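Working notes for the structure below.
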Amino acid sequence: MNGEGNSGPVFADPITADILLSVNGDERPITVDTRETLLDTLREHLDLIGAKKGCDHGQCGACTVLVDGRRVKSCLTLTVTVDDREITTVEGLAVDGALHPMQAAFVERDAFQCGYCTPGQLCSAVAMVREVADGWPSAVTADVSGPAALDDDEIRERMSGNLCRCGAYVNIVAAIKQVGS
Amino acid sequence: MRPFAYERATDVRSAVAACVAGTADGAGAVYLGGGTNLVDLMRLGVVSPGVLVDITRLPFDEIEETAGGGLLIGAGVRNSDLAAHPLVRRRYPMLAQSVVAGASGQIRNMATVGGNLLQRTRCSYFQDVSKPCNKRVPGSGCPARKGDHRNLAVIGQSEACVATHPSDMAVPLAALGAVVHIAGPGGSRQVPMPGFHRLPGDAPERDTVLEPGDLVTAVEVPPLPFATRSRYRKVRDRASFAFAVVSVAAALDLEDGMVRDCRIALGGVAHIPWRAERAESALRGSPATEAAFAQAAAEELAGTTPLPHNAFKVPLARNVVVRTLLDLVEAP
Ligand SMILES: Cc1cc2nc3c(=O)[nH]c(=O)nc-3n(C[C@H](O)[C@H](O)[C@H](O)COP(=O)(O)OP(=O)(O)OC[C@H]3O[C@@H](n4cnc5c(N)ncnc54)[C@H](O)[C@@H]3O)c2cc1C
Ligand code: SF4
Ligand code: FES
Ligand code: FES
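Residue numbers (the UniProt record's numbering), protein chains in the order written: chain A, 1 to 181; chain B, 1 to 332.
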């Protein structure tokens, strides 16, 4: 198949692209290596260190950000692909210094311990509540053709892409339920 | 990761041309969908393309009704949008269920229908460039056969490779006889499933019938009125966010307690989404009873050739087929 195997580096130099990146409402022109992921661009070049690198393989959700309002894993997103998209990181959830309701609920419900997974949980939860409002089904929705409620089972299933090594899950579910209902 | 050039395709013809051209020094080009599999494999060094042709801006991100009452699903449709589509949910519940049973919310927002069909095996040796693997490096050997193969194939595998195809979505598509639309350097063609994916044989490096430069543009799901009574059931090692150990997609057409028609396909058991044609023909015209379901499953699974650590998949598959069919009989 095309492009397979390790033929070794044929290009001596990295290949770069000049793009305009829109993050949390700010447009920033930057030059990126085509290999760079959005997670690395945010953390290493834009000083936005909210999104975390847990696994770098799409398995933990610590790097979750929103692209055009949808939650994605920034560790599997190449920066060069999102140049005219609207990116929101955890730093962009609060408005005018006031916590986003999801952030406030996480504080109130004690929905974290070390906090490493929290930025990803927050971005994921904000988008997930909207997915439910838009009527998207999940794997635990009994009738896939009908709407879903935001009960504990639905929240757990829909948040399964976000792991928490501290096991704060019970309070995370409570916080999301508080916001969603 | 090897440096690569990035090209954003704006129409099908230029996408195919860019993919065929590759690089001047002969390094290949590959299409980039959501990147959830490709970027990971590039980071692991399993694939090292010289050019990525981004196809996510091509105008094939729509789901349209076909004249006969089926659906034409653009290859760029994101997995979440496929599962959320009202007609998919109403007409083909097993298809919507299979998509939401896969990966996580974030990954489904990124993953495309084309990329999902073409995702590579999760065999651990394939993903580990320090190990031999016939699929990654043809002729280097298959350590899975004597090593870790608990999650690998029990039917249709070869001496060269015992990998499974990991897609959930492909299982109901195989059951439905979906047709893959392809645009290639030599023109367009259509390939019905399950014939799109290949058994490994002595060329496990080829997962599908695609030739270099071939672009999947759409997947057409034929009309199947009785698929409103269909279900996808997935068994995995944890409750969510895990690949299938075994899965079943089934649709039943019942009349007076008899099976008039049915569709059954299995996931997690083979190098391809496995259409259970023997079970289907055993069931047509038989009573819709547990005994008949068990008999049909046994006929299908008589052809299995499990390995020492995955023999459990055979009774598991039988039980999941029977349970899923019984659920469909009991469904309102
Ligand atoms: C942590 C994790 C868990 C997962 N769990 C599951 C699971 O439980 N069930 C499941 O089914 N899947 C699972 N997946 C896999 C996921 O479904 C696939 O990675 C995804 O569907 C691939 O789609 P993509 O658009 O991102 O493909 P890409 O990664 O962009 O591409 C995959 C391959 O397809 C090729 N390609 C893409 N589009 C086209 C096209 N139109 N024509 C020709 N070639 C094309 C690419 O060149 C590449 O070789 C999981 C993935 C991750 C990372
Ligand atoms: S089963 Fe296939 S993919 Fe796995 S090691 Fe063997 S050849 Fe490679
Ligand atoms: S760092 Fe992206 S999912 Fe773990
Ligand atoms: S709070 Fe520590 S990982 Fe979740």
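Backbone N, C-alpha and C define an ideal beta-carbon position, used for all residues, glycine too. Values in this document were obtained by computation on a predicted structure and should not be read as measured data.
Per DSSP, the beta-bridge partners of T31/A are D18/A. One Cα belongs to E154/A, the other to D13/A, and the distance between them is close to 48 Å. The Cβ of T36/B sits closer than 7 Å to at least one Cβ of chain A. Separation of M110/B and A291/B (C-alpha to C-alpha, rounded to the nearest whole angstrom) is 42 Å. With the criterion CB distance below 5 Å from any heavy atom of ligand 4, the matching residues run F112/A, Q113/A, C114/A, Y116/A, C117/A, C164/A, R165/A, C166/A, A168/A along the chain.
The alpha-carbon separation between H149/B and V245/B amounts to approximately 11 Å. Counting only residues of its own chain and dropping the five nearest sequence neighbours on each side, R198/B has a CB closer than 8 Å to the CB of R206, D207, T208, V209, H271, I272. In chain order, E64, T66, A218, E220 place their CB closer than 6 Å to the CB of L72/B, counting only its own chain and leaving out the 5 sequence neighbours on each side. In the structure shown, the three-state DSSP call for K313/B is helix. Pairing R43/A with S124/A gives a Cβ-Cβ distance that is not under 7 Å. Among the CB atoms of chain A, one or more fall inside 7 Å of the CB of Y6/B. The closest heavy atom of ligand 1 lies less than 6 Å from the beta carbon of F243/B.
With the criterion set as a beta carbon lying under 8 Å from some beta carbon of chain A, the members of the region 93 to 118 of chain B are P93, A96, Q97, V100, A101, A103, S104, G105, Q106, I107, N109, M110, in sequence order. In this structure, the beta-carbon distance from A62/A to K73/A does not fall below 7 Å.
Counted as a single uninterrupted DSSP element, the alpha helix (DSSP H) harbouring P119/A occupies residues 118 to 133. A distance criterion of 6 Å places the beta-carbon of A163/B in contact range of ligand 2, judged by its closest non-hydrogen atom. Close CB contacts of V321/B within its chain, under the 6 Å cut and outside five residues either way in sequence, are with V248, A297 (chain order). Judged by their CB atoms, Q103/A and C166/A are not nearer to each other than the 7 Å cut-off. Listed as beta-bridge partners of L307/B by DSSP are no residues whatsoever.
The C-alpha of H181/B is placed about 17 Å away from the C-alpha of A17/B. Scanning chain B for C-beta atoms nearer than 9 Å to the C-beta of A17/A yields Y6, reported in chain order. Nearest CB-CB separation between S74/A and chain B: not below the 7 Å threshold.
Secondary structure of M258/B (DSSP, three-state): strand. For the region 122 to 133 of chain A, the set of positions with a beta-carbon nearer than 8 Å to some beta-carbon of chain B reads S124, A127, M128, E131 in chain order.
Residue nearest to T56/B within the set T10/B, S80/B, V179/B, V46/B is T10/B (criterion: CA-CA distance). For the pair H45/A and V32/A, the Cα-to-Cα distance works out to about 9 Å. Not a single heavy atom of ligand 1 lies less than 6 Å from the C-beta of Q295/B. Those residues of the region 239 to 257 of chain B placed with their C-beta closer than 7 Å to a C-beta in chain A are S240, F241, ordered along the chain. Residue contact check for V39/B against chain A: a CB pair falls below 7 Å. Distance from the Cα of G76/B is smallest, within the candidate group F60/B, G257/B, L82/B, Q106/B, for F60/B. The beta-bridge partner set that DSSP reports for Y31/B consists of V53/B. Residues of the region 133 to 149 of chain A whose Cβ lies closer than 9 Å to any Cβ of chain B, in chain order: D134, G135, W136, P137, S138, A139, V140, T141, D143, V144, S145, G146.
Assigned with DSSP and collapsed to three states, L38/B falls in helix.
Taking a C-beta distance under 7 Å as the contact criterion, R275/B and A174/B qualify as a contact pair.
The residues V173, in chain order, have a CB closer than 6 Å to that of D152/A in the same chain once the five nearest residues on each side in sequence are set aside. Annotation: the continuous beta strand (DSSP E) that includes A5/B extends over 5 to 8.
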